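So the sequences go chain by chain: A and B. Numbering that gives the first Met the number 0 applies: residue 0 is where the first sequence begins, and numbers increase by one. Numbering that gives the first Met the number 0 applies: residue 0 is where the second sequence begins, and numbers increase by one. Take a look at the structure set out below.
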Amino acid sequence: MKNHITSCVCILISLFSVAACTEKHMLEYEYLAFDNREVGFAPQVISTLKEGEGDILFSNKSIQDFLLTDSLILIETGNGDGMLELVSRKSLETLYTCLASGNGEFEFPRGINLDLYTTLRSSDDSLFLDIYEGIKGNLFALNITESLQNKHTCISKRFHTGAPAYTSFWGKTVGDSLLIVKELTDMETRQTRNVYKNGEMSDHNLLEALNRVTLPAGEDFNLLSSLFASQPGGSRCVEVLIGLNYINIYSMSDEWCKTVCEEEEMASLSEVLSTSRANRRYLYAAVKSYPFGFAVLKHDITEKEYQQNSDYTVSVVIYNWNGDCLGEIQSDFKFTAFDIDPQQEYVYVLDAEGRLQRYPIDLKI
Amino acid sequence: MKKFFFCALAGAIGFAGAKTYEHSQKNISSDLLLQNVEALSQATDETGEKFTCYNSITSKDGCQVRYCPTCTYIDGTDRWYSPKDECPK
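Below you can see the structure in the form of structure tokens.
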């Protein structure tokens with residue numbers, strides 16, 4: 000009798016486990032990554048920023064984000080009129096202010112987020128800022144050089160891609176002819192990278208490894224969200240996953256691609272989905288690109304810590320375009336945006352109080 | 000006793016089989032209909048379809064969220080404690 004009951008219980012447990020297993024593995028792809036992967040490397044600390052030891056460049060200016068060029072600081076002001084301010088790096092004087100929010104032909108209904116919708120580009124001895132407007136689906140080019148020379152906003156429409164079906168996460172140009180727009184698709188379960196070459200939709204087989212990943216309906220689609228940057232004057236691109244612990248690097252001119260992960264193990268999508276929203280990690284907050292490589296703003300905090308504005312520190316991790324880690328700039332304070340001047344060896348940061356500061360760094364590249 | 004044992008075994012096998020069948024049907028349904036469902040949903044935008052949205056949101060670069068008061072997507076994410084709501088297109 001005892002043996003019968005024991006056998007019965009064992010069989011029941013086994014069968015329930017089988018049934019449970021079929022529910023657990025519902026994702027077709029567990030990683031938003033390429034097959035070529037490098038994991039488990041510890042970045043070498045090359046500089047440490049100590050709060051108060053930097054130069055405060057601006058303390059009362061409205062700065063949401065900023066970008067460095069050789070001679071300018073481009074400032075995203077967050078103002079409805081005068082969204083972009085061009086400031087001299089040498090004198091720190093405002094040279095020109097332009098662009099406005101609105102629904103007019105050259106206006107931007109949801110602003111000009113420098114990180115998500117703009118790309119700096121040099122062409123014919125002029126510096127351009129490509130700006131993707133994601134509501135109607137237009138790509139504009141602001142000629143910064145001419146605008147400064149003539150004190151008149153020189154902006155033109157490059158091409159029209161059409162309004163996204165749901166929404167776009169970012170729109171960035173690569174080189175002179177490519178635009179990549181990341182859109183929400185498939186009933187809010189997938190984020191698809193659409194490539195446009197000179198305005199016409201174009202295929203790139205490499206991106207299928209990233210575009211094919213979907214989440215179950217009703218899950219937070221921002222788990223697939225990323226930040227993007229492209230190599231100035233080149234064809235390499237980088238996507239940092241906001242809520243996953245790895246970075247994807249790929250080429251738009253050939254089939255080269257790589258996924259890098261500092262930690263010993265890459266987080267699977269199932270693992271993250273089984274974590275409560277409050278405790279999910281928020282890892283990468285910004286990415287900037289340079290001819291030699293790219294740098295990412297990293298903080299390892301939970302969603303709850305981020306939204307509660309808890310105290311945490313951040314670091315900037317620097318890579319070359321082959322995905323080799325060049326080093327880490329640690330800090331003992333929090334900043335929300337950054338950019339690096341590789342020639343003068345400075346890092347510029349926007350701290351939690353909205354002050355733009357500059358710190359010297361030891362950039363061994 | 001033997002009858003009880005075999006009844007329990009049959010019941011367990013039946014349950015596991017039903018769960019496996021249900022799971023395979025879900026997968027088949029979503030694989031087959033995904034592209035068509037998107038087209039269908041767009042076609043029903045004008046019929047008063049409701050969308051999942053959030054009333055409490057915060058900024059987060061690279062993310063998008065449908066904000067209930069406007070029922071449109073904006074840059075940002077929902078608060079971690081924010082319950083889902085619905086809004087008409």
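Heads up, the beta-carbon is just placed ideally off N, CA and C, and yes, glycines get one too. Given the structure is predicted, the values throughout are model-derived calculations rather than measurements.
Proximal chain A residues relative to residue i, where beta-carbon distance stays under 7 Å
{"i": "C52/B", "result": "Those do not exist, as C52/B stays about 12 Å from chain A at its closest Cβ, beyond 7 Å."}
{"i": "Y72/B", "result": "Y165, T166"}
{"i": "T57/B", "result": "Q306"}
Residue i versus residue j - alpha carbon distance
{"i": "E302/A", "j": "G232/A", "result": "36 Å"}
{"i": "N59/A", "j": "G77/A", "result": "14 Å"}
{"i": "L126/A", "j": "D338/A", "result": "18 Å"}
{"i": "Q306/A", "j": "T312/A", "result": "15 Å"}
{"i": "M25/A", "j": "M265/A", "result": "19 Å"}
{"i": "V286/A", "j": "E106/A", "result": "26 Å"}
{"i": "K2/B", "j": "I12/B", "result": "15 Å"}
{"i": "E187/A", "j": "T68/A", "result": "37 Å"}
{"i": "R280/A", "j": "N54/B", "result": "23 Å"}
{"i": "R235/A", "j": "A9/B", "result": "59 Å"}
{"i": "H22/B", "j": "G81/A", "result": "Any reading at H22/B needs caution, since the residue's pLDDT is 48, under 50, leaving its predicted position unreliable; the model's value is listed next. In a straight line, the C-alpha of H22/B is about 54 Å away from that of G81/A."}
{"i": "G39/A", "j": "C324/A", "result": "11 Å"}
{"i": "G133/A", "j": "N221/A", "result": "17 Å"}
{"i": "A140/A", "j": "A228/A", "result": "17 Å"}
{"i": "Y347/A", "j": "P290/A", "result": "18 Å"}
{"i": "L98/A", "j": "A41/A", "result": "42 Å"}
{"i": "C67/B", "j": "C86/B", "result": "6 Å"}
{"i": "K83/B", "j": "L282/A", "result": "25 Å"}
{"i": "C52/B", "j": "T166/A", "result": "14 Å"}
{"i": "P359/A", "j": "S267/A", "result": "38 Å"}
{"i": "R276/A", "j": "K89/A", "result": "45 Å"}
{"i": "N193/A", "j": "T47/A", "result": "39 Å"}
{"i": "M200/A", "j": "E48/B", "result": "30 Å"}
{"i": "G110/A", "j": "G53/A", "result": "30 Å"}
{"i": "K156/A", "j": "K363/A", "result": "40 Å"}
{"i": "E327/A", "j": "Y30/A", "result": "25 Å"}
{"i": "V44/A", "j": "I317/A", "result": "10 Å"}
{"i": "A208/A", "j": "G170/A", "result": "19 Å"}
{"i": "T367/A", "j": "N247/A", "result": "Summary: the structure shown does not reach residue 367/A, with chain A confined to residues 0 through 364, and so no result is reported for it."}
{"i": "A294/A", "j": "I72/A", "result": "18 Å"}
{"i": "T71/B", "j": "E304/A", "result": "27 Å"}
{"i": "I73/B", "j": "T93/A", "result": "30 Å"}
Per-residue burial, residue i [other beta carbons within 10 Å of its own, 16 or more giving buried]
{"i": "A284/A", "result": "buried"}
{"i": "P108/A", "result": "exposed"}
{"i": "Q230/A", "result": "buried"}
{"i": "L349/A", "result": "buried"}
{"i": "Y80/B", "result": "exposed"}
{"i": "L296/A", "result": "buried"}
{"i": "E238/A", "result": "buried"}
{"i": "I300/A", "result": "buried"}
{"i": "M251/A", "result": "buried"}
{"i": "V173/A", "result": "buried"}
{"i": "R211/A", "result": "exposed"}
{"i": "I55/A", "result": "exposed"}
{"i": "T69/B", "result": "exposed"}
Chain-ordered chain B contacts of residue i [CB-CB under 9 Å]
{"i": "K363/A", "result": "None at all; the shortest Cβ gap to chain B is about 29 Å."}
{"i": "A284/A", "result": "K59, D60, G61"}
{"i": "I241/A", "result": "K59, D60, G61, C62"}
Supposed contact pair residue j and residue i - C-beta distance, whole angstroms, cut 8 Å
{"i": "E75/A", "j": "L85/A", "result": "Not really, about 11 Å apart at Cβ, beyond 8 Å."}
{"i": "D257/A", "j": "F65/A", "result": "A quick correction: the sequence has Lys, not Asp, at residue 257/A. Going by Cβ atoms, the distance from K257/A to F65/A rounds to 29 Å, so no, they are not a contact pair."}
{"i": "G61/B", "j": "F168/A", "result": "6 Å"}
{"i": "R120/A", "j": "D129/A", "result": "6 Å"}
{"i": "L190/A", "j": "K181/A", "result": "This sequence places Gln at residue 190/A; Leu is not what is there. That belief holds up - the Cβ atoms of Q190/A and K181/A are roughly 6 Å apart, short of 8 Å."}
{"i": "G161/A", "j": "G198/A", "result": "Incorrect: roughly 10 Å between the Cβ atoms, too far for contact."}
{"i": "L178/A", "j": "Y131/A", "result": "7 Å"}
{"i": "G322/A", "j": "V259/A", "result": "5 Å"}
{"i": "S70/A", "j": "S87/A", "result": "7 Å"}
{"i": "E218/A", "j": "L272/A", "result": "6 Å"}
Where residue i meets chain B, residues with beta-carbon distance less than 7 Å
{"i": "D114/A", "result": "D60"}
{"i": "R276/A", "result": "W79"}
Partner residues on chain B for residue i, Cβ-Cβ distance less than 8 Å
{"i": "L183/A", "result": "Q63, Y72"}
{"i": "W169/A", "result": "G61"}
Residue i at chain C interface by Cβ criterion, 8 Å
{"i": "W169/A", "result": "In the structure shown, chain C cannot be found, because the protein chains are A and B."}
Closer than 9 Å, Cβ to any Cβ of chain B: which residues of the segment 204-238 of chain A, in chain order?
T213, P215, A216, G217, D219, F220, N221, S224, S225, L226, F227
Between the segment 302-336 of chain A and chain B, which residues of the former have a C-beta closer than 7 Å to a C-beta of the latter?
E302, K303, Q306
Identify each residue in the segment 89-122 of chain A for which the Cβ-Cβ distance to at least one residue of chain B is less than 9 Å, and report them in chain order.
R109, G110, N112, D114, L115
Report the residues of the segment 76-88 of chain B with a CB closer than 7 Å to any CB of chain A, ordered along the chain.
T76, R78, W79
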